[in-house]
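Working notes, beginning with the structure itself.
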Amino acid sequence: MGSFDVVIVGAGPAGVAAAYLCHRGGLSYILLEQGKTVFQGIANTYPEGKNVYPSKPKENPEPFLVEELRPPDKPVAVEKYIQYVQHFVQHENLNVQTEVTFEDIKDKRDHLVVHTSKGNYRARKVILAFGSSIPRELTVYGDAKMVATSLDDPRKYEGVRTLVIGGGNTAADVIISILKAKREAQDTHPVYWAHVAEKFDVNKETAQRLGEEILLGGNIRLLPGAIPRIGEVDEEGVDRLVIRINEFRQPDGIEIYHAMSFPMKSVIACIGYQGPLPIFDKIGIQTIACAEGVCTVAKEGDRLILLTAEYESTRKGVYVIGGAISPSFMKISGGSIQEEKHPNLIYTAINDAAHVVDAIRKKLA
């Protein structure tokens, strides 16, 4: 188990800024990222070619506190900005561990233990810097997990029957990529497109591109009203997902259904994103429901995380920054609790990191 002053979870703008400031300030740290590279969340959720701006709220006079990560004044495509950040991380030799899934935080007498899919990390302080675009999990019995939200290499699905779950534009984009790769490889194995609803909901432009790919020979099978039901392991030890196509309920309580079973490695779930609330609940970080007259940014009934002025949560030693606390949070200050606006900007995430690392350094001194 590695031991660090600070364990940072999530390598978006907030996490990278926190890691760099720990690095520069002499704190031992590790930056953990679920994706294959830093800024994976931005790469997954920003449309290709979208410009990145150095935006900051008008009412906030504070400059970018980590100038090295500020987007350029002349807007650039997101791909260029991500490339710049990746070079920066390499140049600074930041301690980043990718393809690690965060699982839990446990309290010990004088430290915290961060549990992940690749082992445990001992920390004096933990910074949760994941964004709000946390992929939904497939709610099925067993160990079936979501395999991907976007496609890094469509050629991996050549020579196999592939299942894509989800009825929106992201699923359609993934299918278009796979159909093209299969066509170029002269692979006739179909791509199955499953959605829990009877209708698929894609925009006109995406539907047109999908139609063109089908006209060129793309082999696609639609499975409307199909429901992922169970994760299982077959006799060869392969993780599989069973998906029900038709269900017939009989008066005697017996259900008859048609089902298909796919190896999990051939399943891509594009079922959207959830906010960080399930993670906060799991690790025991307190939230509070908005009451009428208290919240101006969030809606009545929305649950907002409780944080101190230094972004420390109700879990001692655990700080939360960046997109996970946008568009607002509940700030504990001087014995009172009030809603605090928190725009989801690169500026906000970077400056959160600067304030938190500064507070941590003072506490650990």
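According to this note's numbering, the sequence shown is numbered sequentially starting from 486.
Built from N, CA and C at the ideal position, the CB exists for glycine as well.
Predicted model only: the values in this text are computed from it and were never measured.
Check                                                                                                                                                                   : Outcome
Keeping to the same chain, check which residues put their C-beta closer than 8 Å to that of I835; ignore five residues upstream and five downstream.                    : P498, A499, A502, F549, L550, V551, L554 and R555
Hey, is the region 744–754 in contact with the region 646–666, meaning 3+ C-beta pairs nearer than 8 Å?                                                                 : yes
Determine the closest residue to A844 out of K521, I806 and Q575, with distance taken between C-alpha atoms.                                                            : I806
Mind the definition here: the region 728–745 touches the region 682–700 only if three or more C-beta pairs lie below 8 Å; say whether that holds.                       : no
Using DSSP with H/G/I as helix, E/B as strand and the rest coil, what is E690?                                                                                          : helix
Alpha carbon to alpha carbon, what distance is there between K847 and R694?                                                                                             : 55 Å
Is it the case that the Cβ atoms of I660 and V676 are separated by a distance below 9 Å?                                                                                : yes
Is the Cβ-Cβ distance between I493 and I515 less than 9 Å?                                                                                                              : yes
With distances taken from CA atoms, which of R706, E732, P546 and Q771 is nearest K801?                                                                                 : Q771
Whole angstroms is fine: what's the gap from P639's alpha carbon to H674's?                                                                                             : 14 Å
My understanding is that I590 touches V574, with C-beta atoms under 8 Å, so please give their C-beta distance in whole angstroms.                                       : In fact, because the Cβ distance is near 24 Å, the residues do not count as touching under 8 Å.
Jot down the residue ranges of each uninterrupted alpha helix (DSSP H) in the region 661–730, minimum 4 residues, whole runs only, in chain order.                      : 689–700
With 16 other CB atoms within 10 Å as the buried threshold, where does L849 fall?                                                                                       : exposed
To the nearest angstrom, how far is the alpha carbon of S746 from that of F814?                                                                                         : 43 Å
Closest to E544 by CA distance: which of G722, C507 and T833 is it?                                                                                                     : T833
Tell me where the beta strand (DSSP E) around D490 begins and ends.                                                                                                     : G487 to V494
The alpha helix (DSSP H) with G500 in it runs from where to where?                                                                                                      : P498 to G510
For V842, collect the residues of the same chain with a Cβ closer than 7 Å to its Cβ; drop the 5 residues on either side in sequence, then sort them by chain order.    : A503, L506, C507 and G510
List the residues that DSSP assigns as beta-bridge partners of K826.                                                                                                    : S813
Quick check: the region 590–607 against the region 776–790, are at least 3 beta-carbon pairs closer than 8 Å?                                                           : no
Classify T655: buried if its beta carbon has 16 or more other beta carbons within 10 angstroms, exposed otherwise.                                                      : buried
Does the separation of the CB atoms of V808 and F615 fall below 9 Å?                                                                                                    : One detail in the question is off: residue 808 reads as Gly in this sequence, not Val. Yes, these two residues count as a Cβ contact at 9 Å.
Excluding the five sequence neighbours on either side, which residues of its own chain have a C-beta within less than 7 Å of the C-beta of G534, listed in chain order? : A562
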